[in-house]
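Note sheet for the following structure.
2 protein chains.
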Amino acid sequence: MERLIGVDIGGTKTRVGAVWNGKILTRRDFPTRGLAEICAVIREVLHEVGWEKPDAIGIGAPALVDMHQGRILCAPNLPPYWNGMSVVDELKNVFACPAYLGNDANLAALGELVYGWQATDFLYVTWSTGIGAGIVAAGRVIWGVNGQAGEIGHLPLQPDGPQCNCGKYGCLEALAGGAALCARARERLGQALSAKELVERARQGEPGSLALIEEACTAMGQGLAIAAELLDPEMIIIGGGFTASWDFLGPKVMAVLARFSHAHPKVELAKLGDNVGVLGAAALPFHFPFR
Amino acid sequence: MERLIGVDIGGTKTRVGAVWNGKILTRRDFPTRGLAEICAVIREVLHEVGWEKPDAIGIGAPALVDMHQGRILCAPNLPPYWNGMSVVDELKNVFACPAYLGNDANLAALGELVYGWQATDFLYVTWSTGIGAGIVAAGRVIWGVNGQAGEIGHLPLQPDGPQCNCGKYGCLEALAGGAALCARARERLGQALSAKELVERARQGEPGSLALIEEACTAMGQGLAIAAELLDPEMIIIGGGFTASWDFLGPKVMAVLARFSHAHPKVELAKLGDNVGVLGAAALPFHFPFR
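Heads up: the protein sequence lines correspond to chains A and B, in order.
Under our numbering, the first residue of the first sequence carries the number 244, and numbering increases by one thereafter.
Under our numbering, the first residue of the second sequence carries the number 244, and numbering increases by one thereafter.
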C-alpha cells in the first residue's frame, strides 16, 4: 500500500490529498458539500499524480462514526445529507479499493503520532466550529470499543448549561465551540459575529465579547484538565481554527488547566498544521483497529 | 515468576495475599498502619504457604505514585507517614526480590482485565473513602506517562465547588467520596455519621441525608459520563465500599450517566470482589509498563 488518498471532511472545508511515503504529493481544498464532489476531486488528484487507482482511501469526518461499518452516525456540524451515510461502501464501489472511515480528531491524533510530534502519550484537541479530540497512549490511538473515543467536545461540564447541538446539555462544545459562541454572541450582544470577529473584539477589550471568550477559555481549560487527570499525557496538542488566536487564548486556557490538573502536560500547537487531517486519514489504512 | 505476593493498601484496611497461578492461596486483612507491619505480615504469609521467598511483590496504594521510582508521591487518604515513601526500595531491601508499585485503582483494573471480567475496553472505578479509576483500552491498562492515569476522583467537576483534600476545588472526590460525604454530613446535618449510616438514612428517606446522597450520585454519574465520552468503553466496572448499597445508589448514578453520555456502556460490579486489589497487585510484575 503506497498510493494513498487521504480525505479530511471539515465543517466548512474538505481537503483531499494524494499521499506517498508520508508526503502529500498534491492537495485540493474546497467547500464541504456532497460525496459525489469528493469522488470527482479524488479522480482529479489521481490524474494529477498519474495513479490509475489508489491502493487505499482513508477518510475523516467531524462526526460520530461507526468504524466497523464505515458509516457516519451523527454529524451535527455537517449538512444533514451526511447523517447515516455509508461512506466506506460508496468509496469502495467507486474506486474498487479498500476504504476506511474515522472521526476527524482521532485521525488528526494518528497523523501527529505517525508524522508530527511523534509523542507516545498525548491528547490531540481540535478547537474549531466544533471540538473534538484523539487520544494516544503508549504509542497507540485509543479508538474505544466503537471507534468513538475522544469526544471531549461532549464532556458534560455543566449539567444545567445550554443545550448542545448533540441534544445533551452543558457540553464543552456548547460552551466553547465556534458555532455555539457565534450563537451566544447573537443572543447576548445582539450581533451576528464570526468566531474570529468575536475573538478580535475580545482582544480589543470589548466587555461583552471578552466575557464570552473568558467563559469559553475556562470551559476549554476545565476540559483539558479533566482529560489530563484521566490520561496523564506527556503533552496536549492543539489544532483547529482557534489556534490562529492562540497567543491571546492560550494563556487563559493554560491558567485554568494548571489550576485544575495535578499533572502538568506541556501544551503545543499541531506540528502538521492544516495537513494533519489528510495525513492522518492516509495513515488509517495501516492503523485501522477493527479487521 | 510463580510465587507472588500481592499487597493492597487501602484507606482503612490492608490486604496481603500469596498468589500462585492466579489463585490466592492465603490472604490476611489488617488495619492500615506502617510498612514494617506489612513486611511482618508478608513473612507470616510466606511461612504459611511454605515459600522461602517470593519471586516478586506487587503493591497497590490509594495514592499518586511515581511508578518509575516506586515511590508514593501524595496519599491524602493514608496516614502522612506514607507521603514520599520509597516503597519499592524498602521491599527490595527486605525481601531481596523485584518489587513493583502502582495506584490501587489501576491495579484493580489490571486484576479485572487478567482474572475478572476480562473485557478489552473498560473503566474500573472504585468508590470508597476516596474515588479512583483504572482504564483498560484494547486489552491494555492505560498507565499514562508517569503511571498516574485514571484519576477520576480528581476530575474538576465544579470549579467553584468545595476544596478537595488534594488541594484543588470541586473534584469528584470532594463531592462524592466517603470522607467528603462524612465531612458534609457533619457540616450540614450537624451529625457525625459514617458513609454507611448516611446511605442508610437516605434510603429511609431522611431529607438531609437523601439530598447529600443525591448530589453525590449526580456527581458520580457526571464523572462516569465524562469518562465514557472520552474512552468509549464497552463497560464500567464498579468496586469499593459503596457497592454494598449499589441497589439504592446504582439507579441514581446510571440515570445521570445515561442522560449525559451518548455511549451506553453496561455497568457491572467488580467480579473479583475484595480480592481485586491483591490479584491486580500480584499481576503487576508481569504487566509493569516501565522497565
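Glycine included, every Cβ here is placed at the ideal spot set by N, Cα and C.
Lysine 411 of chain B has a beta carbon lying within less than 7 angstroms of a beta carbon in chain A. Close CB contacts of lysine 335 of chain A within its chain, under the 6 angstroms cut and outside five residues either way in sequence, are with Ala342 (chain order).
With a threshold of 7 angstroms between beta carbons, leucine 350 of chain A makes no contact with chain B. Cα atoms of alanine 422 of chain B and glycine 373 of chain B: separation of roughly 7 angstroms, rounded to the nearest angstrom. The residues Ile315 and Ala318, in chain order, have a CB closer than 6 angstroms to that of tryptophan 325 of chain B in the same chain once the five nearest residues on each side in sequence are set aside.
The Cβ of isoleucine 385 of chain B sits closer than 7 angstroms to at least one Cβ of chain A. Flagged as an interface residue toward chain A: glutamate 477 of chain B, by a C-beta distance shorter than 7 angstroms. The beta carbon of glycine 375 of chain B lies closer than 6 angstroms to those of Ala348, Thr369 and Gly396 in the same chain, with the five residues before and after it left out.
In the structure shown, tryptophan 386 of chain B falls within a coil segment according to DSSP collapsed to helix, strand and coil. When Cβ-Cβ separations below 7 angstroms define contact, proline 322 of chain A makes no contact with chain B. With respect to chain A, the C-beta atom of histidine 290 of chain B has no partner C-beta closer than 7 angstroms.
Its chain contains Gly313, Ala342 and Leu344 as the residues whose beta carbon lies nearer than 6 angstroms to that of valine 331 of chain A, once the 5 sequence neighbours on both sides are disregarded; these appear in chain order. DSSP links lysine 266 of chain A through a beta bridge to A:Trp263. Beta-bridge partners of alanine 376 of chain A (DSSP): A:Val368. Between the alpha carbons of alanine 435 of chain A and glutamate 355 of chain A lies a gap of roughly 35 angstroms.
A direct Cα-Cα distance of roughly 27 angstroms separates arginine 534 of chain A from leucine 289 of chain A. CA-CA distance, alanine 468 of chain A to serine 504 of chain B, rounds to 19 angstroms.
The beta carbon of asparagine 326 of chain B sits no closer than 7 angstroms to any beta carbon of chain A. Shown here, glutamate 416 of chain B sits in a helix according to DSSP, grouped into three states. Between glutamine 401 of chain B and alanine 428 of chain B, the alpha-carbon positions lie close to 19 angstroms from each other. Secondary structure of glutamate 245 of chain A (DSSP, three-state): coil.
Under the Cβ criterion (8 angstroms, minimum of three pairs), the stretch 492-500 of chain A counts as touching the stretch 451-462 of chain A. Annotated three-state conformation of glutamine 465 of chain A is helix, per DSSP.
According to the DSSP assignment, glycine 493 of chain B belongs to the alpha helix (DSSP H) that extends over 489-503. Using a Cβ-Cβ cut-off of 7 angstroms, valine 388 of chain B counts as an interface residue toward chain A, since at least one Cβ of chain A sits closer than that to its own.
In the three-state reduction of the DSSP assignment, glycine 404 of chain B falls in the coil class. When Cβ-Cβ separations below 7 angstroms define contact, leucine 453 of chain A makes no contact with chain B. Within the stretch 356-382 of chain A, the residues whose Cβ lies closer than 8 angstroms to some Cβ of chain B are Thr363, Asp364, Ala376, Ile378, Ala380 and Ala381, listed in chain order.
In terms of Cα proximity to aspartate 272 of chain A, the closest of A:Asn518, A:Phe531 and A:Asn408 is A:Asn518. Within the DSSP secondary-structure output, glycine 393 of chain B pairs in no beta bridge.
The continuous beta strand (DSSP E) containing alanine 342 of chain A extends over residues 342-346. For the pair aspartate 475 of chain A and glycine 382 of chain B, the CB atoms are not nearer than the 7 angstroms cut-off. Apart from the 5 residues on each side of it in sequence, glycine 359 of chain A sits with its Cβ closer than 6 angstroms to the Cβ of Lys514 and Leu515 in its chain, given in chain order. By the Cβ neighbour-count rule, glutamate 394 of chain A is buried, with 16 or more other Cβ atoms within 10 Å of its own.
Exposure of methionine 244 of chain A is indicated by the presence of fewer than 16 other C-beta atoms within 10 angstroms of its C-beta. Annotation for arginine 314 of chain A: the continuous beta strand (DSSP E) segment containing it runs 314-317.
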